[in-house]
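Participant: Submitted below is the structure of interest, expressed as structure tokens.
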Amino acid sequence: MRHNDADFIRHNLAVVAPRAADVTSHFYALLFLRRPELRDLFPPAMDVQRDRLLHALIRIVGDLDDAPALHGYLGQLGRDHRKFDVIAEHYDLVGECLVAALARYSGETWNDAVQAAWVRAYGATAKIMIGAADEDARTNPPHWAAEIVSHHKAADDIAVVTVRPDVPFPYRAGQYTFLETPWWPRVWRAYSIANAPDPRGLLTFHVRSVPAGWVSNALVHKAKPGDRIKLGAAMGEMVVDHLAPNPMLCVAGGTGLAPLKAMVEELAYYGTDRFVDLFYGASAHSGLYGLEDLLRLSQKVSWLRVRPALDDLTLAGISGGISEVVGEYGPRFDCDAYLSGPPAMVLDSARVLRRLGLNGSQIHHDPVVGAYAAEAEVDVPTPVAVDAPG
Ligand SMILES: Cc1cc2nc3c(=O)[nH]c(=O)nc-3n(C[C@H](O)[C@H](O)[C@H](O)COP(=O)(O)OP(=O)(O)OC[C@H]3O[C@@H](n4cnc5c(N)ncnc54)[C@H](O)[C@@H]3O)c2cc1C
1 MRHNDADFIR HNLAVVAPRA ADVTSHFYAL LFLRRPELRD LFPPAMDVQR
51 DRLLHALIRI VGDLDDAPAL HGYLGQLGRD HRKFDVIAEH YDLVGECLVA
101 ALARYSGETW NDAVQAAWVR AYGATAKIMI GAADEDARTN PPHWAAEIVS
151 HHKAADDIAV VTVRPDVPFP YRAGQYTFLE TPWWPRVWRA YSIANAPDPR
201 GLLTFHVRSV PAGWVSNALV HKAKPGDRIK LGAAMGEMVV DHLAPNPMLC
251 VAGGTGLAPL KAMVEELAYY GTDRFVDLFY GASAHSGLYG LEDLLRLSQK
301 VSWLRVRPAL DDLTLAGISG GISEVVGEYG PRFDCDAYLS GPPAMVLDSA
351 RVLRRLGLNG SQIHHDPVVG AYAAEAEVDV PTPVAVDAPG
């Protein structure tokens with residue numbers, strides 16, 4: 001890339017932003033027109049997909065001046081895309097269609113210099129993704145087949161699902177992966193791994209069924225031991241830094257407990273004197289399905305404090321939405337904060353923490369996708385999940 005390519009690209013993305021949905025629709029239309037067989041790699045419904053392509057682009061452009069962050073993010077994307085059977089030759093076609101779609105909606109602002117900047121930036125991006133995918137292929141399969149070995153309901157709408165991958169699945173406590181179920185082929189959804197790596201190689205997921213949700217309802221209400229699912233590569237940057245001395249503030253909402261529970265388990269496994277203050281919120285008591293285990297652990301170790309909060313407080317715990325509770329009880333300024341749960345809760349908590357003096361680098365959370373993603377990008381730069389090639 002040349003030194004002013006990033007400026008050309010940022011400016012161009014600002015120009016097309018009001019027509020972003022058209023750009024992404026046109027991109028996929030061109031892609032499938034030129035190579036109809038690629039349609040089979042994507043889910044039946046493309047709306048989520050179009051959003052995610054756009055947000056991935058915004059994330060990449062946002063990181064153009066931060067080579068290590070960009071490299072890390074693209075490496076994860078390249079490895080993850082192997083699960084869709086993406087191969088190196090697809091990248092050229094994707095680049096051509098992307099540039100053509102951007103050109104179409106850039107009007108008179110499109111010129112040779114803008115085009116050349118995009119071509120160079122895309123070339124560099126694709127090279128990193130292909131390199132990461134090739135390296136990953138030396139040791140890992142494109143996806144992991146796994147058998148469900150246990151399934152139980154923690155509440156009417158929450159299932160705790162444990163799977164055994166056929167071959168070892170490398171990951172770190174706090175990461176998530178995309179799952180594909182036999183009921184919705186090619187529809188991959190992100191779920192956090194709720195346990196630290198264990199010697200038996202088992203992975204547990206906490207899944208809440210959302211109204212009319214395809215994959216979550218299948219996992220909560222249909223799945224049973226013996227069913228087989230697929231897992232993509234582990235993703236996410238919300239992991240424990242074992243060398244950091246700061247206390248940790250963990251804020252979990254509902255099944256957002258999963259990655260934080262895994263991180264706490266990892267700390268317990270390795271031993272720590274790092275203080276962990278874990279706030280755990282839900283709208284009803286049944287949503288605090290993981291509370292007992294955590295309370296039990298907090299009674300055994302001195303470094304963990306667990307504070308439940310219910311929106312409609314009954315007896316125990318603290319009242320109020322979890323972000324208000326965190327604000328009221330106040331974190332230490334030197335803490336590292338880890339947030340996990342519904343997007344609105346994560347963004348509210350991040351806002352409260354920043355107001356209380358924490359800076360962006362102290363606040364960690366997984367990608368916020370869907371309707372809240374644009375807000376997240378303005379608020380706190382975070383990686384964006386892409387759940388099919390894009
Ligand atoms: C990094 C990451 C980690 C995640 N980890 C977990 C996890 O550990 N456990 C977990 O249960 N989920 C988790 N999710 C959410 C999960 O990926 C799916 O989005 C969720 O299960 C819905 O998928 P679906 O196929 O059932 O619904 P879809 O078919 O995608 O959606 C159906 C309808 O439900 C709406 N909808 C989607 N999500 C929600 C929601 N959360 N609340 C209300 N309505 C919704 C959609 O707008 C749509 O109208 C995570 C998401 C991300 C990005």
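Residue numbers (the UniProt record's numbering): 1 to 390. Glycine included, each C-beta is placed from N, C-alpha and C at the ideal position.
Between the alpha carbons of residue 204 and residue 344, how many angstroms are there, rounded?
Facilitator: The alpha-carbon atoms of residue 204 and residue 344 are separated by roughly 25 Å.
Participant: Look up residue 278 in the DSSP assignment and say whether it is helix, strand or coil.
Facilitator: DSSP places residue 278 in strand when its eight states are reduced to three.
Participant: Pick out whichever of 12, 259 and 245 has its Cα sitting closest to the Cα of residue 114.
Facilitator: The candidate whose alpha carbon is nearest that of residue 114 is 12.
Participant: Counting Cβ pairs closer than 8 Å, one from the stretch 256-265 and one from the stretch 216-235, do we hit at least three?
Facilitator: No: fewer than three Cβ pairs fall under 8 Å.
Participant: Assess contact between the stretch 162-169 and the stretch 144-153, defined as three or more Cβ pairs (one per stretch) separated by less than 8 Å. Is contact present?
Facilitator: The stretch 162-169, when compared against the stretch 144-153, does touch it at the 8 Å Cβ threshold.
Participant: At which residue ranges does the stretch 172-260 contain complete beta strand (DSSP E) runs of 3 or more residues, listed in the order of the chain?
Facilitator: Runs of the beta strand (DSSP E) inside the stretch 172-260: 176-180, 188-192, 203-208, 228-231 and 248-253.
Participant: Who are the Cβ neighbours of residue 326 in its own chain at under 8 Å, not counting the five residues just before and after it?
Facilitator: Once the five neighbours on either side are set aside, the close Cβ partners of residue 326 are 249, 251, 279, 349, 352 and 353.
Participant: Just checking residue 99 against ligand 1 - is the residue's beta carbon closer than 7 Å to any of the ligand's heavy atoms?
Facilitator: Because no heavy atom of ligand 1 lies under 7 Å away, the Cβ of residue 99 does not count as near it: no.
Participant: Quick one: what's got a C-beta closer than 7 Å to residue 30's C-beta in the same chain, skipping five residues either side?
Facilitator: Around residue 30: 97, 100 and 101.
Participant: Going by other Cβ atoms of all chains shown within 10 Å of its Cβ, with 16 needed for buried, is residue 192 buried or exposed?
Facilitator: Buried, since its Cβ has 16 or more Cβ neighbours within 10 Å.
Participant: Determine the closest residue to residue 391 out of 282, 275, 40 and 116, with distance taken between C-alpha atoms.
Facilitator: The chain is shown from 1 up to 390; residue 391 falls before or after that span and cannot be answered.
Participant: As a quick exercise: from 7, 240, 241 and 306, pick the residue whose alpha carbon is nearest that of residue 116.
Facilitator: Ranking the options by Cα distance to residue 116, first place goes to 7.
Participant: Tell me residue 150's beta-bridge partners as DSSP assigns them.
Facilitator: DSSP, once it has assigned bridges, lists 162 as partnering residue 150.
Participant: Given that a residue counts as buried once 16 or more other Cβ atoms are within 10 Å of its Cβ, and exposed if not, what is residue 323?
Facilitator: Residue 323 is buried by the Cβ-count criterion.
Participant: Could you check what DSSP says for residue 338 in three-state terms: helix, strand or coil?
Facilitator: Note: residue 338 maps to strand in three-state DSSP.
Participant: From the DSSP secondary-structure annotation, give me the bridge partner or partners of residue 3.
Facilitator: DSSP, once it has assigned bridges, lists no residue as partnering residue 3.
Participant: Are residue 207 and residue 220 close, meaning C-beta to C-beta below 8 Å?
Facilitator: It is a contact, given that the beta carbons lie within the stated cut-off.
Participant: Taking the C-alpha atoms as reference points, what is the distance between residue 330 and residue 356?
Facilitator: Each residue's alpha carbon lies about 8 Å from the other.
Participant: Three or more C-beta pairs closer than 8 Å, one from the stretch 79-89 and one from the stretch 127-136: is that the case here?
Facilitator: With a cut-off of 8 Å, the stretch 127-136 and the stretch 79-89 count as touching, because enough Cβ pairs lie within range.
Participant: With a threshold of 7 Å (Cβ to nearest heavy atom), would residue 232 be considered close to ligand 1?
Facilitator: Residue 232 Cβ: outside cutoff for every heavy atom of ligand 1.
Participant: Under a Cβ-count criterion, where at least 16 other Cβ atoms within 10 Å of its own Cβ denotes burial, should residue 333 be classed as buried or exposed?
Facilitator: Residue 333 should be labelled exposed.
Participant: Is residue 155 closer than 8 Å to residue 340 when the C-beta atoms are compared?
Facilitator: In this structure, residue 155 does not lie closer than 8 Å to residue 340 by Cβ.
Participant: Are there any heavy atoms of ligand 1 lying less than 7 Å away from the beta-carbon of residue 183, as far as the coordinates show?
Facilitator: Not so, every heavy atom of ligand 1 lies at least 7 Å from the Cβ.
Participant: Taking its Cβ as the centre, do 16 or more other Cβ atoms sit within 10 Å of residue 212, making it buried, or is it exposed?
Facilitator: Exposed, since its Cβ has fewer than 16 Cβ neighbours within 10 Å.
Participant: What does the Cβ neighbour count give for residue 92, buried or exposed, with the cut at 16 atoms within 10 Å?
Facilitator: Looking at its Cβ environment, which holds fewer than 16 other Cβ atoms inside 10 Å, residue 92 is exposed.
Participant: Quick check: the Cα distance between residue 362 and residue 303, rounded to an integer number of angstroms?
Facilitator: Going from the Cα of residue 362 to the Cα of residue 303 covers about 20 Å.
Participant: Answer yes if the stretch 132-144 comes into contact with the stretch 63-82, meaning at least three C-beta pairs across the two stretches below 8 Å, and no otherwise.
Facilitator: The stretch 63-82, when compared against the stretch 132-144, does touch it at the 8 Å Cβ threshold.
Participant: Report the start-end ranges of each alpha helix (DSSP H) in the UniProt domain "Globin" (1-134) that is 4 residues or longer and not cut off at the edges.
Facilitator: Runs found: 5-16, 20-34, 47-62, 67-81 and 88-104.
Participant: Just to confirm, does residue 189 get its C-beta within under 7 Å of one of the non-hydrogen atoms of ligand 1?
Facilitator: It does: the Cβ of residue 189 is within 7 Å (strictly closer) of some heavy atom of ligand 1.
Participant: Give a yes or no on whether the C-beta atoms belonging to residue 25 and residue 50 are separated by under 8 Å.
Facilitator: Cβ atoms of residue 25 and residue 50: closer than 8 Å.
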